[in-house]
Amino acid sequence: MRPISKERVYICIDLKSFFASVECVERGLDPMTTNLVVADPDRSERTICLAITPAMKKLGIKNRCRVFQIPDSVDYLMATPRMQYYIDYSARIYGVYLKYIAKEDIHVYSIDEVFMDVTNYLHLYQMTPKEIAVRIMKDVYDTTGITATCGIGTNMYLAKIALDITAKHVVDNIGTLDEETYQKQLWNHKPITDFWRVGHGIANRLEKYGIYTMGDIAKTDEDFLYKLFGIDAELLIDHAWGRETATIADIKKYKSNTHSLSSGQVLMRDYGYDEGRLIAKEMADLLCLELVDKELITDSITMNIGYSARYEVDGARGSIRLDFPTSSAKVIMTYIERLYNQIADENLSIRRFNISFNNVVHEAYHQYDIFTDPEELKKEHDLQKAMIDIKNKYGKNAILKGMNLSKEGTTMERNRQIGGHRSGS
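Counting in the numbering used here, the sequence shown runs from -6 upward without gaps.
The following block contains the structure:
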């Protein structure tokens, strides 16, 4: 392994086919040889598989495929998603990480992926970066039965690329990169979408100008790239050269100047215009309770509506400003209906919703207009607090509103889910 000579050293660890591996471990099966998908059997064949085992990937089946895309010739097990179970497993694995690395030097990127700054631990353990990675990966496997892969780099970006691209082509599942080896090994790598934060939209724009690789970007005039992508070109150029200035310490210190609460869902079928209004109100009502629970208020709302794929049209988006910041469901619901009526097309069926409460601040900043009765809002606020207490004690479905009981409503089912999927037992 080429020695890493830069000042800082990062490792990025990913849990291989995490959800599917958990289901295999729980069944006493080997995910490397077992065909298993994690998908909800109660949904249609168009539902996305949340994970498939490495054994199925070897057959050429794409991760995050839809159920109907799995060839009929492949025999496989289907496991119902158990999101709370995966969260518990992830917490156990995080506990393993803490045996070796302090939490200040760990950035949790997702439920199955973390970055670690191991610079100060090389001397402490008298180990190379790879030896530390092997020790941690072995402990994760011995503790949970989950196989991990790893990338090692002189910055967070290179560690991520070493994980996503290089580690896949070595027996020990550990990739290593510095700027020199990155440029030598990966400047001509295709497709460019294999690189972190390069999506198909960016790739398509680059392709119009004969730019297909990271090496091509590095050799392209920077002023041209800034004209093409604006300020985002800075990150693209840095990554083309294998550079990344952000550190885990920077991430820990970062605080956004603005805050929001949001909720989104993909509906199980196409919803009509009136049905869609109900869904918007349900989602807003739950967000209002979240505001109250966190002692926050909002001054504006943004709504995104996605229509059925059969129309081949763009969705609708709009925002509305409240007369005063509030967490009142009674007040906010009038704005939700007004916004929905403004942007929703009554001739198109709806399949996706996202609602965001913007510029949320602590309720200590609460102000009223001259037409508002503070006492009425306080009564509602106390009622919302009581509802939250009941839900926390007896479950989210212990107390519901009439609209939640309609056949079109989704709140009861969503209350049983985590991240839009079954929480499991």
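Cβ coordinates follow ideal geometry from the N, Cα and C atoms, glycine included.
Closest option to Tyr82, judged by alpha-carbon separation, among Ile381, Lys246, Cys17, Ile167: Cys17. If you draw a straight line from the Cα of Asn166 to the Cα of Val15, it is about 19 Å long. Residue range 266 to 286 is occupied by the alpha helix (DSSP H) that includes Cys281.
For the pair His182 and Met149, the CB atoms are not nearer than the 8 Å cut-off. At the C-beta level, Pro34 and Ser10 stay beyond 8 Å of one another. The residue among Gln119, Asp278, Arg345, Leu279 with its C-alpha nearest the C-alpha of Ala309 is Arg345. The DSSP assignment places 172 to 179, 193 to 200, 207 to 212, 215 to 222, 226 to 233, 241 to 246 as complete runs of the alpha helix (DSSP H) inside the stretch 163 to 249, in order along the chain (cut-off: 4 residues). Residue state for Asp81 is assigned as helix, using DSSP reduced to three classes. Asp267 and Gly299 have their alpha carbons spaced roughly 15 Å apart. Closest by C-alpha distance to Phe108, out of Leu115, Glu97, Tyr387, is Glu97. Here DSSP, grouped into helix, strand and coil, assigns Pro47 to helix.
For Ser293, the enclosing beta strand (DSSP E) covers residues 289 to 300. For Arg128, the three-state secondary structure derived from DSSP is helix. Rounded to whole angstroms, the gap between the alpha carbons of Ser293 and Ile325 is 9 Å. Secondary structure note for Thr319: its beta strand (DSSP E) is the uninterrupted segment 309 to 319.
By the CB criterion at 8 Å, Val191 and Leu289 fall outside the cutoff.
Measuring C-alpha to C-alpha distances from Lys245 to each of Ala273, Tyr102, Met276 identifies Tyr102 as the nearest.
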